[in-house]
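Colleague: Here it is: the structure, laid out below.
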Amino acid sequence: MPWLAELVESCEGSFDHLPVQCLCEFLLSDALECNTTNFDQEEERADKGKGKALQNKKRKQQQLLQHLQKLLRSSDDLQSTCEVLDYLMRRLSSQQQNARMVATKGLTLVLSQAGTVAEPGRNVSLRNYDWLLRDIPVLPHFKVVRIQVSHTLRVACQVENDPSAITAYVKFLATYTLDEDLAELSLDIAQLIVERSTIINCILPQDTTTSIYSQTFLTSLLDIFTRYLQVARKPSKDMYWYECQDHIMVQWPSGETATMHILVVHSMIILLTYGPPEHDPEPFTALLETWFPQDGDPPQAFLVDTSEEALLLPDWLKLKMIRSSVEVLVDAALKDLDPNQLVLFIQSFGIPVHSMSKLLACLDEAVEYDEEAVVQAVVDKAYMSQLVEVQHQRGAVGGERFYRLLGESEYGDAAADDDDIEPVPTSVIQHAPPRPIDASRIDSVSKAVVQLYSLDPRLGKLGNKQEQELFRGLQKAFSQDVLRKCLFGSSLAEFIHTCEHILESDQCERFVSALHTKPCVSCSLFRLAIAAQQKAASNSPLVFKFQWVCSKILELTKTVSPLTNVLKHFCTTSSSSRNKDQAPRRLSQADMKSANIVDALTSVAQNEPKRFEEALCVLVQRAIKLGNSQPLIHALSKILCGNMFECEKVTTSFVIVDWLEHLEPECISSSPELQYQLLFHNSTKNPLLKTTFRPYLLALLIHRAHWNTLHNVIEEVLSSSKQQYDPSAVLDFLQACMFIPKIWQGRDKKIPKHYTPEKILLFSPDQVCRMTDYIIEESLMKCERGGEPETKLSSRVPLLEQGCTDQILISSVVHHLVTIIQSEPARRGAAKDLLAELYLCIPSIISSSDAVVDVLKDTEPQISGQTKVDVLSHTLLLALSIADLNRQAYQKLGDLNLACRKLAATHPELLLRQLPMVASLLHSRSGVGTFLFGTRNQPSFFVNMLGMLELLVPQLFADAFCHTVNEIFDVYVEAFQSHLVFMRNPETRELVANLLNNFLLLIHRYLQHSSTEARLWIQKQFPNFQDMASVFPDLMSLRTLLAGTCMHHYQPDSSENLKDSEPGTSKASFQSSSSAMQGCHMNPALRDLRLSMENENCNPEEMFGIMKELEMIASRRPEVLLSYQDDLQCIVLSSLNMACCSLAFRLLLQSIRHAPRTAGQFISGYLQCLGSDRREIVQIALERLPEFVVLAQEHGSILLQKAFQVGISTNVNSAVPITEALMLLNLQYGN
């Protein structure tokens, strides 16, 4: 409205002459669009001319706002205050949400005061309505405008959709409404609760979650209704006439009365269903006691105009009370309910479990009180039965009588439900097809038969007319069934079921007598039944049943009648007639024994195999009816175990397995001994069981059995009993137990990088040893059949590894295997192979006993497969081959070489698997050129690999590795031959000479362990060795090698001459060369050092000098330190000279670094150093902790724990050494 803006802007500082409505409209339309917070930003962005106009507009708006605030807070101008509030608040009840939001913003601007602080106790969600809850009550004329504001808010509650706004309005009304206005306010609030249930449920949710304003809203409503009840129950002298039919007069037992609208009463009860508030439950308790007193009767309601008693709690309100969590309301709602209401309520949704339990209990009482009324109230029994089952699955209790009533259809329904299975697909709940009611007009054939032949005295005797109508109804129904193709669910089928049930009961003779008494009726019905049976299939269970019924009637007949002739003719003409002895389906309760069942099924399987499933179905039904299926399960298990039927009739066995699955879901329960044989027995009589049925039954056991059953099965198959179980079946079962879906449900599908598989199976030492026996037995059985036992062993090792959850179990398995190897020749080979396979998975078993080392030495090298050490060795070798220049990388290579030497000394068999990789890495470094060979770490890599190969002797020279070893030695010779110029350099001559000398010493050891292969290789490389001899003529090892018998050229043609030559010559030369190498170790200087170190009177200075000489010798030949380890250890532990202790400690570690196998001998001494009272000794030991932990990794946990204890108990800082040790251990895995 442009004219309104021009009108307001034309007023220069005075708005008194303008109507208040115009000012308020301008404020809502224009002032709110330009917030004061945005004016500063607009001034900065605008031009100078526009900025001046905006500044004038802002000033006008501020003047208008101050004028309106002045009118509201003026104590003299009442009319203006009323007009401003009326104009703004009338918009709160507008149908347009935008208009309501603008009105709220306008009221906030007009009523808010600068500098006011929000009340600390007020809900945060209601801070936007401080203009209503805080500012309006402090206006000077609040007492006058209160009625006007309250009326506006009551109207606004009927249209507002914002929960926080409604909560604020109701809170204001509950606080400031006068007593005389409570009646109208209560009616408006009642309309809000009853008619606007969606917004009420949003504010007051009935579940456990509560909104941020629900407690405030609930407390306000309870306050309003509590005050209203106090006012309404007060006696009044004034008489009011209520023309509206919705008013009732409520009368309490105390004599108090109150006239109120019915919606108000309903809204109070609905409010009670939400439960008490958290902070102030007294109004809720008072209101609950008013309508549902604990000790007295509830109030009564009467119509105002007719004084008739009114229904205070309709069905919809009772249902809402039942859904409440307040017990008093649930009990009040369930009081005096008729069967129709109970059946209706049980079908409702949203009823809690505890309320449903009470509802089912009321249904049980109704069944006990008036069973017929409950039956009539139920329309669909099948649906109601399923509904009760679902409620029981939810956790509700009760309703057993009602459920039994639903399952009991009169006399013949029980027989139809409990009898044979028809050859059609069945479901949990079956619904009978609709029948032509107009044709038969019979609700129940079973009931009709009982009434027609007067079998139940309680039903009374029928008159002639009633009997004729009943007979005609049966005739019509049977006549229609004759035309049907399938009799399933028909009246004839029900008739046959009824006859069978009666003939099996105590009334069989009475029924047969009644049949002959009424021959016209009986003959007509049975002729129709015979006519229908002739169209049915001969192998139908219903035909079989009807034949038995006819035979049974003839058997019990004592007189001759027309019915007898009809039945005899049918039985004689029927090609598949049989009596009770031929039909296993007719076994009585006394005959339902396992032996009888086996004989009956065997007879049917041999004579009529096509009817085997039919007979088995009848036996199943009979077992279920008798409530004892154990004999049948025992018989079926016995048939499968004994292979009583021919193997060609696989279909028959399949049928037995299918029914056994249904009868025994867990596969092991009723007959444990026989079922254990069925699942695990090691028998060669029934190959079909092992190949076909057993895996399926084992799968059923794993997926369906209870955890206790699985535990019992595991304990049984792994017990130390003499029971002979099939190893493959037991191991398959145990291996499948590791992958039961229930265990792994909910796990993370993305496997982490350092994920360690969880140990699922927890065994005892005896059980894991028994499982080991099973693995060995399976391997032997595989070997007997001509298979490869190694394949079976490899496939079972992961199972054995999973079973070894701790070191105790690992030690038990290793000790058990060693015992078998030493004492049982028949199983020695399989046990040795299993131990070797287990070593690949758990390399730590090599340190469990010396016998394991001896056994592994005799086994063949493990070249194939995958081990846990492969990743470690591969990582170390690749890291060692990296060439870098910086110092940090050089130090890292030293740590990696230390770890690699430890691995070679501890697990040489596993590291030998990487020999092809070593050859490849060496070959890639041999041809880098003369200049590059002397730079970076190229020589160091050759030196490190050579040192590692020395530690792999003698396993290195096994026949399986000779080819790869020759390739590695070829690379070394090629490297020496390619860099002769580098060797002639005086600066690097010593480095190459030491490397060449160590290489030649390794060649000498090659000659000692594999002389034939070594001699062939030396003959091949003989010219290259001569070239090296020209560069190093004084090298003793090279001269000895060239001077031996191997220098004779090997002739491929004269292999026979080589074999016939005297072996003593070459062997003597090799021994002389080796003795020449070892002679230098026992020179006089070393003997003097030994005598000086053993001298007790030697002073520390002399001892220090002797060790210095030893250190100088060890720098060239570190192997000499091996014989001084005990002496050095004594010096470390006993010497008081710290220089001697430090030097001895360093020499001792140098000796262990050269021979890591000896690290275990120094564990005790190292722990003594850590626990020493001398701080210097402890610091020396901690400084060498990272290096020693790597050299003694099998004892690493003990060392680290001791270092940690030292750091805690003393002032020595052990955190840094421990951290470095852990980093060095992680370095092995590439971390």
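With full-length UniProt numbering applied, the sequence shown covers 1 to 1231.
C-beta atoms are modelled at their ideal positions from N, C-alpha and C, and glycine is treated no differently.
Throw me the rounded Cβ distance for the Ile199 and Ile224 pair, which I believe falls under 8 angstroms.
Modeller: The residue you call residue 199 lines up with position 199 of the sequence shown. The residue you call residue 224 lines up with position 224 of the sequence shown. No, Ile199 and Ile224 are not in contact; Cβ-Cβ is about 17 angstroms, not under 8 angstroms.
Colleague: Counting beta carbon pairs with one atom in the segment 747-759 and one in the segment 707-718, are three or more of them shorter than 8 angstroms?
Modeller: No: fewer than three Cβ pairs fall under 8 angstroms.
Colleague: With the cut-off set at 8 angstroms, would you say Ile203 and Pro163 are in Cβ contact?
Modeller: Mapped onto the sequence shown, residue 203 falls at position 203. Mapped onto the sequence shown, residue 163 falls at position 163. Cβ distance < 8 angstroms, so Ile203 and Pro163 count as in contact.
Colleague: Please specify which runs of the beta strand (DSSP E), each continuous and at least 3 residues long, are wholly inside the segment 784-813, giving them in chain order.
Modeller: Counting whole runs of 3 or more residues, the segment 784-813 contains no beta strand (DSSP E) stretch at all.
Colleague: Taking the straight line between their C-alpha atoms, what separation do you get for Leu222 and Leu287?
Modeller: Here residue 222 refers to the residue found at position 222 of the sequence shown. Here residue 287 refers to the residue found at position 287 of the sequence shown. Their Cα atoms are separated by approximately 8 angstroms.
Colleague: Looking at the structure shown, is Met738 part of a helix, part of a strand, or coil, going by DSSP?
Modeller: Residue mapping note: residue 738 aligns to position 738 of the sequence shown, counting from 1. In this structure, Met738 counts as coil in the three-state DSSP scheme.
Colleague: Let me confirm a value: Gly106 is counted as buried when at least 16 other C-beta atoms fall within 10 Å, else exposed. Which label applies?
Modeller: As a first step, residue 106 must be located in the sequence shown, where it is residue number 106. It is buried - the Cβ of Gly106 has at least 16 other Cβ atoms within 10 Å.
Colleague: Do you know offhand how far Val713's Cα is from Glu666's?
Modeller: Against the sequence shown, residue 713 aligns to sequence position 713. Against the sequence shown, residue 666 aligns to sequence position 666. Computed Cα separation, rounded: 11 angstroms.
Colleague: Quick check: the segment 894-902 against the segment 992-1002, are there 3 or more CB pairs under 8 angstroms?
Modeller: No, they do not touch.
Colleague: List the residues that DSSP assigns as beta-bridge partners of Glu309.
Modeller: As a working note, residue 309 is residue 309 in the sequence shown. According to DSSP, which records beta bridges pairwise, Glu309 is partnered with Phe302.
Colleague: Could you give the DSSP three-state label for Thr557: helix, strand or coil?
Modeller: Indexing the sequence shown from 1 puts residue 557 at position 557. In this structure, Thr557 counts as coil in the three-state DSSP scheme.
Colleague: Taking the runs of the alpha helix (DSSP H) that are 4 residues or longer, which of them lie wholly in the UniProt domain "Integrator complex subunit 1 R4" (1099-1193)?
Modeller: For the UniProt domain "Integrator complex subunit 1 R4" (1099-1193), whole alpha helix (DSSP H) runs of length 4 or above, ordered along the chain, are 1100-1116, 1125-1134, 1138-1154, 1163-1170, 1175-1183, 1185-1191.
Colleague: So for Ala396, helix, strand or coil by DSSP?
Modeller: Position 396 of the sequence shown holds residue 396. Coil at Ala396, not helix or strand.
Colleague: The beta strand (DSSP E) spanning Ala258 covers which residue range?
Modeller: Translated into the one-based positions of the sequence shown, residue 258 becomes position 258. Note, Ala258: beta strand (DSSP E), 257-261.
Colleague: Do Val973 and Gln1019 count as a contact pair if the criterion is CB distance below 8 angstroms?
Modeller: The residue labelled residue 1019 in the question sits at position 1019 within the sequence shown. The residue labelled residue 973 in the question sits at position 973 within the sequence shown. No, Cβ-Cβ distance for Gln1019 and Val973 is not below 8 angstroms.
Colleague: Could you say which of Thr175, Thr216, Met101, Ser220 lies nearest to Asn161 if we only look at CA atoms?
Modeller: Residue 161 sits at position 161 when you count from the first residue of the sequence shown. The shortest Cα separation from Asn161 among Thr175, Thr216, Met101, Ser220 belongs to Met101.
Colleague: Have a look at Ala366 and Gly627 and give me their C-alpha separation to the nearest angstrom.
Modeller: Against the sequence shown, residue 366 aligns to sequence position 366. Against the sequence shown, residue 627 aligns to sequence position 627. Rounded to the nearest angstrom, the two C-alpha atoms are 29 angstroms apart.
Colleague: Count the CB pairs spanning the segment 1160-1175 and the segment 912-925 that are closer than 8 angstroms, and state whether there are at least three.
Modeller: Short answer: they don't touch.
Colleague: Is it buried or exposed, Ile751, if we count other Cβ atoms within 10 angstroms and call 16 or more buried?
Modeller: Taking the first residue of the sequence shown as position 1, residue 751 is located at position 751. It counts as exposed.
Colleague: Classify His706 as helix, strand or coil using the three-state DSSP reduction.
Modeller: Counting from 1 along the sequence shown, the entry for residue 706 is found at position 706. Correct three-state label for His706: coil.
Colleague: Does Tyr890 come out as helix, strand or coil in the three-state DSSP assignment?
Modeller: Sequence index remark: in the sequence shown, residue 890 carries index 890 (1-based). It is helical.
Colleague: Using a 10 Å radius around the Cβ and a threshold of 16 neighbouring Cβ atoms, would you call Ser1197 buried or exposed?
Modeller: Start at 1 with the first residue of the sequence shown, and residue 1197 comes out as number 1197. Burial call: exposed.
Colleague: Roughly how many angstroms lie between the CA atoms of Phe733 and His681, to the nearest whole one?
Modeller: Position 733 of the sequence shown, counted from the first residue, corresponds to residue 733. Position 681 of the sequence shown, counted from the first residue, corresponds to residue 681. Their Cα atoms are separated by approximately 13 angstroms.
Colleague: Between the segment 210-219 and the segment 290-308, do at least 3 Cβ pairs fall closer than 8 angstroms?
Modeller: Judged by Cβ distances under 8 angstroms, the segment 210-219 makes no contact with the segment 290-308, as fewer than three pairs qualify.
Colleague: To the nearest whole angstrom, what separates the beta carbons of Leu1121 and His1154, a pair I think is in contact under 8 angstroms?
Modeller: Numbered from its first residue, the sequence shown carries residue 1121 at position 1121. Numbered from its first residue, the sequence shown carries residue 1154 at position 1154. Sure, about 7 angstroms apart at Cβ, within 8 angstroms.
Colleague: Work out the CA separation of Gln300 and Asp246 for me, nearest whole Å.
Modeller: Within the sequence shown, the letter at position 246 stands for residue 246. Within the sequence shown, the letter at position 300 stands for residue 300. For Asp246 and Gln300, the distance between alpha carbons rounds to 15 angstroms.
Colleague: Could you give the C-beta distance for Tyr774 and Leu809, rounded to a whole number, given that I count them as a contact under 8 angstroms?
Modeller: The sequence position of residue 774 within the sequence shown is 774, counting from 1. The sequence position of residue 809 within the sequence shown is 809, counting from 1. About 15 angstroms; that fails the 8 angstroms criterion.
Colleague: Rounded to the nearest angstrom, what separates Val144 and Leu182 at their Cα positions?
Modeller: For this step, residue 144 is matched to residue 144 along the sequence shown. For this step, residue 182 is matched to residue 182 along the sequence shown. Looking at the two C-alpha atoms, the distance is approximately 17 angstroms.
Colleague: Does Tyr369 pass the burial test, meaning 16 or more other C-beta atoms within 10 Å, or should it be called exposed?
Modeller: Locating residue 369 in the sequence shown gives position 369, counting from the first residue. Classification for Tyr369: exposed.
Colleague: Quick one: give me the first and last residue of the alpha helix (DSSP H) that His247 is part of.
Modeller: Here residue 247 refers to the residue found at position 247 of the sequence shown. Segment 247-251 is the beta strand (DSSP E) holding His247; no alpha helix (DSSP H) there.
Colleague: Where Pro1118 and Asp726 are concerned, what is the direct C-alpha to C-alpha distance, given to the nearest angstrom?
Modeller: Your numbering for residue 1118 matches position 1118 in the sequence shown. Your numbering for residue 726 matches position 726 in the sequence shown. Using only the alpha carbons, I get a separation of about 57 angstroms.
Colleague: In terms of residues, what are the limits of the alpha helix (DSSP H) holding Gly829?
Modeller: Residue 829 sits at position 829 when you count from the first residue of the sequence shown. Per DSSP, Gly829 belongs to the alpha helix (DSSP H) from 828-841.
Colleague: Hey, Ser220 and Ala174: beta-carbon distance below 8 angstroms or not?
Modeller: Taking the sequence shown and counting its residues from 1, the one referred to as residue 220 is at position 220. Taking the sequence shown and counting its residues from 1, the one referred to as residue 174 is at position 174. Yes, the pair counts as a contact, with Cβ atoms nearer than the cut-off.
Colleague: Measuring alpha carbon to alpha carbon, tell me which residue in Asn1099, Leu1147, Gln1125 is nearest Glu1109.
Modeller: Sequence index remark: in the sequence shown, residue 1109 carries index 1109 (1-based). The shortest C-alpha separation from Glu1109 is found at Leu1147.
Colleague: Measure the alpha-carbon distance for Ala532 versus Val543 and round it to whole angstroms.
Modeller: As a first step, residue 532 must be located in the sequence shown, where it is residue number 532. As a first step, residue 543 must be located in the sequence shown, where it is residue number 543. When rounded, the distance between both Cα atoms is 10 angstroms.
Colleague: Just to confirm before moving on: does the CB-CB distance between Arg146 and Tyr176 stay below 8 angstroms?
Modeller: Translated into the one-based positions of the sequence shown, residue 146 becomes position 146. Translated into the one-based positions of the sequence shown, residue 176 becomes position 176. Contact: yes.
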